[in-house]
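For reference, the structure is listed below as structure tokens.
Protein chains in written order, with our numbering: chain A, 16 to 106; chain B, 121 to 315.
Here it is in structure tokens:
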């Protein structure tokens, strides 16, 4: 089965207890949060609501990229790299 | 200081999982050295587990056309809101962080007419009092140099994909969020993250 890699940072890594994992692909981008919520109950409200999402080295928007009208929206493909990006704290 | 593997957030519960390369200190430093624009303004951007060097930063931005050179060092504090900090560490996602640093430095060159930009961020545990970030810029005159350096730092703190984790003497742990504080350490009024 094909998989994609998802990386968790900061509050997302603490909540999931991991830095990274493989999830089954393909997965519609619009289903990502529900998939994570099923695995990590409560994560949507406590963590994901303040996070951005990247696919490869680009940010994606769950609404505009995830549910393009007229088709099923962006699909996360096997081999893709996705990351959950919480509010940053460099410096 | 030599890079050494150290426990990463979350890894304690999944010791069998291989460390992704972006959390493996042996894959650092990650640097992007390039130039911007027709006059080839030098940009040097770096994520490293090593001690930061102010001298190196200034050397990278020195230019015969510069009359003003600004160096900023951000050093780690031993308290957060009077709560004693035992240790603090940084992690990054270089795929995005270097891209953001490149965008910010290029934009700063255009906005302030800078002759060079150097930004380095340290990762892993940073002992209290040591530099976690160094920003250096050079410009023809002090006005654009001061303003350019300040702008670079503010935007880096707002956008670059680096996270600070503070472990407190009382045993607590927190991931810091820059959006909560202004440049004076004061709490900002709560508003939706617009990023």
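Beta carbons are placed, not taken as given, at the ideal position from N, Cα and C, and that holds for glycine.
- The beta carbon of residue 172/B sits closer than 6 Å to the beta carbons of 240, 242, 251 and 254 from its chain, once the five residues preceding and following it are set aside; these are given in chain order.
- Cβ neighbours of residue 207/B within its own chain (closer than 7 Å, five residues either side excluded): 245 and 287.
- Using a Cβ-Cβ cut-off of 8 Å, residue 76/A is close to nothing in chain B; its nearest Cβ partner there is about 11 Å away.
- Closest in alpha carbon position to residue 297/B, among 306/B, 309/B, 283/B and 290/B, is 283/B.
- Proximity of residue 305/B to chain A, defined by a Cβ-Cβ separation below 8 Å, is not satisfied.
- When C-beta distances to chain B are compared with 9 Å, the residues of the stretch 85 to 102 of chain A below that value are 96, 98, 100, 101 and 102, in chain order.
- Along the stretch 28 to 59 of chain A, going in chain order, the ones with a CB nearer than 8 Å to a CB of chain B are 28, 29, 31, 32, 33, 34, 35 and 36.
- The distance from the Cβ of residue 150/B to that of residue 218/B is about 6 Å, consistent with a contact at the 8 Å cut-off.
- The beta-carbon distance between residue 59/A and residue 52/A, rounded to whole angstroms, is 5 Å. This is short enough to meet the 8 Å contact definition.
- Between residue 69/A and residue 21/A, the C-beta gap is not smaller than 8 Å, which leaves the two residues out of contact.
- Residues of the same chain with a CB within less than 6 Å of the CB of residue 154/B, apart from the 5 flanking positions on each side, are 163 in chain order.
- Taking a Cβ-Cβ cut-off of 8 Å, residue 79/A has no neighbours in chain B, whose nearest Cβ is about 15 Å from it.
- Taking 8 Å as the upper bound on Cβ-Cβ separation, chain A lies near residues 241, 252 and 253 of the stretch 237 to 263 of chain B.
- The contact set of residue 215/B on chain A, defined by CB atoms closer than 7 Å, consists of 72 in chain order.
- Residue-level contact by beta carbon holds for residue 24/A and chain B, with a gap shorter than 8 Å.
- Look at residue 193/B: its C-beta is not under 8 Å from any C-beta on chain A.
- The continuous stretches of alpha helix (DSSP H) do not include residue 300/B, and DSSP gives it neither H nor E.
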